[in-house]
Amino acid sequence: MGLNGTDVAKNASDMILTDDNFVTIVEAVKQGRSIYDNIRKAVHFLIATNIGEIVTIFLGLILGMNAPLLAIQLLWINLVTDSIPAIALGLEPEDKNIMNRKPKESRKGIFSDGLWGKIIVEGVMIGVLTLFIFSFGNKLYGLEVARTMAFVTLGLIEMIHSFNIRSEESIFKVRFI
């Protein structure tokens, strides 16, 4: 600890405290848990929304529909409605109860505890809803309006989904700001 530790002990340790205060360890654990949670949220969001985009395009083409989104619309979705919320999720403040949770097992990966299942279900739901709106708009208003409806739907769903991922609690119980 501090300047009192020997060089051998410092080289063999996993953590070196630069002061003699154990509160530093608690703060480091708190910050580490917060960083882990934020990375997990950002990865969850990005993979789920990209699966939704893939489902929209792939399923639409398999069903013989016109392309639900143009390439420029997909690019906009990926650059704006995917990256900006993912960055915001990565910068979320820590949960107020973060230190009351049990530690994660070191062998568990970032996708443990059913995250893959959540990602796939959410991605398929995003894609199917977008495709449903596209087909509805295509029948009533034509291809150009249907693509616009699909674009707006996908963008709005992704924005709502970013708020949903912020916490394990319901979106209606969590603060928006």
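For the record, in the sequence shown the residue sitting at position 163 is 163 according to the numbering used here, with numbers rising by one throughout.
Built from N, CA and C at the ideal position, the CB exists for glycine as well.
Notebook entry, point to check: Would you call E168 buried or exposed, if buried means 16 or more other Cβ atoms sit within 10 Å of its Cβ?
Noted result: exposed
Check: Do you know how far the Cα of F58 is from the Cα of I47?
Finding: 16 Å
Next item on the list: Return yes when at least one heavy atom of the ligand GTP lies under 7 Å from the C-beta of K118, else no.
Entry: Among the ligands in the structure shown, none appear at all, so the ligand GTP cannot be discussed.
Item checked: Coil, strand or helix - F132 by DSSP -> helix
Notebook entry, point to check: Mind checking P103: buried by the 16 CB within 10 Å criterion, or exposed?
Noted result: exposed
Check: Closest to S135 by CA distance: which of A88, G114, A67 and S112 is it?
Finding: A67
Notebook entry, point to check: Which value, in whole angstroms, describes the spacing of the CA atoms of L115 and S34?
Noted result: 17 Å
Next item on the list: Tell me where the alpha helix (DSSP H) around L79 begins and ends.
Entry: Run containing L79: none; DSSP gives neither H nor E here.
Next item on the list: May I ask you to report which of helix, strand or coil DSSP gives S112?
Entry: coil
Item checked: Range of the contiguous alpha helix (DSSP H) that encloses M149 -> L143 to I165
Next item on the list: Measure the C-alpha to C-alpha separation of M125 and M149 and round it to an integer number of angstroms.
Entry: 16 Å
Notebook entry, point to check: Relative to the alpha-carbon of V80, which residue among F132, R107, V152 and R166 has its alpha-carbon at the smallest distance?
Noted result: V152
Checklist line | Minimum C-alpha distance to A146 - residue among T18, T56, K30 and N38 | finding: T56
Notebook entry, point to check: Residue range of the alpha helix (DSSP H) that R40 falls in?
Noted result: V23 to I62
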